[in-house]
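Going by the numbering used here, the sequence shown opens with residue 942, and the numbers climb by one from there.
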Amino acid sequence: GGSSNSNLLLLRAPAAVAALGSHPDASSYASLLSSLSRECHARHPFDASPPRARHSQTCRALHGRILRGGSPLLGRLGDSLVELYCKSGRVGYAWSALGYAGERASGAASSLLSCHARSGSPGDVLGAFRYIRCTAGGRPDQFGLAVVLSACSRVGVLAYGRQVHCDVVKSGFSSSAFCEAALVDMY
């Protein structure tokens, strides 16, 4: 099943990094990070520890290798790094990696918002959204905005939800099924 694939990927991760060569490019690293990220949700029925915990050390090792190699962590590579940290349960590392994702980090911003939502704290989602939007210059995609709208609904802050609704319209996500469902729940 998925867990055996996850375990194989973890065992192969150092070999996969080595196979990238002595000077892998950002695209190669982004592909490897995305593969690891997809594997974070695999779980074997008899395995008590979540796979994401097993990925944490691999995440940090790859991050270090990328930094030492001098690859710019912008765009897809930055997004992939943030997403992998989020899925491996390392929110603090994900926040530090957000700066690498660049100004147009919609995927990274949405990953962070989803990570906070999975932790069960709508207040943290709203705080993260404010920071990402105002300080980090990030623009969440339709999925991230839907998460924020759901958090507004859960906390009961309709006025702030209306402001986020304006962001949804300005971003062109009015017809997104995810945003529409969250708006119905909120209103």
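For glycine and all other residues, C-beta sits at the position ideal for the given N, C-alpha and C.
Tell me whether S1051 sits in a helix, a strand or coil according to DSSP, three-state version.
-> The three-state secondary structure of S1051, taken from DSSP, is helix.
A1123 versus A1087: straight-line alpha-carbon distance, rounded = Going by the C-alpha atoms only, they are around 6 Å apart.
Is the CB-CB distance between L1039 and G1079 below 9 Å?
-> Yes.
Can you give me the start and stop residues for the alpha helix (DSSP H) that S1094 sits inside?
-> 1083-1096 is the extent of the alpha helix (DSSP H) around S1094.
Own chain residues within Cβ distance below 6 Å of C888, not counting five before or after | Look at the range of the chain in this structure, 942 to 1128, and you will see that residue 888 is not part of it.
Going straight from the alpha carbon of L1022 to that of H1004, what length do you get?
-> Taking the CA atoms as reference points, L1022 sits about 8 Å from H1004.
For R1031, which three-state DSSP category applies?
-> In this structure, R1031 counts as coil in the three-state DSSP scheme.
In the DSSP assignment, find the unbroken alpha helix (DSSP H) run with Y1128 in it and report its ends.
-> Boundaries for Y1128: no alpha helix (DSSP H) harbours it, and the DSSP string shows neither H nor E there.
Would you grab the beta carbon distance between V1105 and C1093 for me? Rounded to a whole angstrom, and I think it's under 8 Å.
-> Contact check for V1105 and C1093: beta-carbon distance about 6 Å, within the 8 Å limit, so the pair qualifies.
Take S1055 and list the residues in its own chain whose beta-carbon comes closer than 8 Å to its own, dropping the five residues that flank it on each side.
-> Within its own chain, the residues whose Cβ lies closer than 8 Å to the Cβ of S1055, once the five positions on either side in sequence are excluded, are C1027, F1084, G1085, V1088, listed in chain order.
Taking R1074 as the reference, give the member of R1006, F1114, G1113, S1047 with the closest Cα.
-> Looking at the Cα atoms, S1047 is the closest of the given residues.
Neighbourhood of L1099 by C-beta, 6 Å cutoff - its chain only, sequence neighbours within 5 removed | Apart from the 5 residues on each side of it in sequence, L1099 has no Cβ closer than 6 Å to any other Cβ in its chain.
When you compare only the Cα positions, how much space is there between P992 and L977?
-> A caution first: P992 carries a pLDDT of 49, below 50, which makes its placement in the model too unreliable to give a value.
Hey, how far is the Cα of E1121 from the Cα of R1009?
-> In a straight line, the C-alpha of E1121 is about 43 Å away from that of R1009.
Exposed unless 16 or more other CB atoms sit within 10 angstroms - verdict on V1125 | With fewer than 16 other Cβ atoms inside 10 Å of its own Cβ, V1125 counts as exposed.
Which of helix, strand or coil does DSSP assign to G1064?
-> Helix, per DSSP.
Where do the N-terminal and C-terminal ends of the alpha helix (DSSP H) with R1103 fall, by residue?
-> The continuous alpha helix (DSSP H) containing R1103 extends over residues 1099-1111.
DSSP state of T1076 mapped onto helix, strand, coil = In the three-state reduction of the DSSP assignment, T1076 falls in the coil class.
Compare the Cα-Cα distances from Y1101 to each of R1071, Y1034, A1118, F1114 and report the closest residue.
-> Answer by Cα proximity: R1071.
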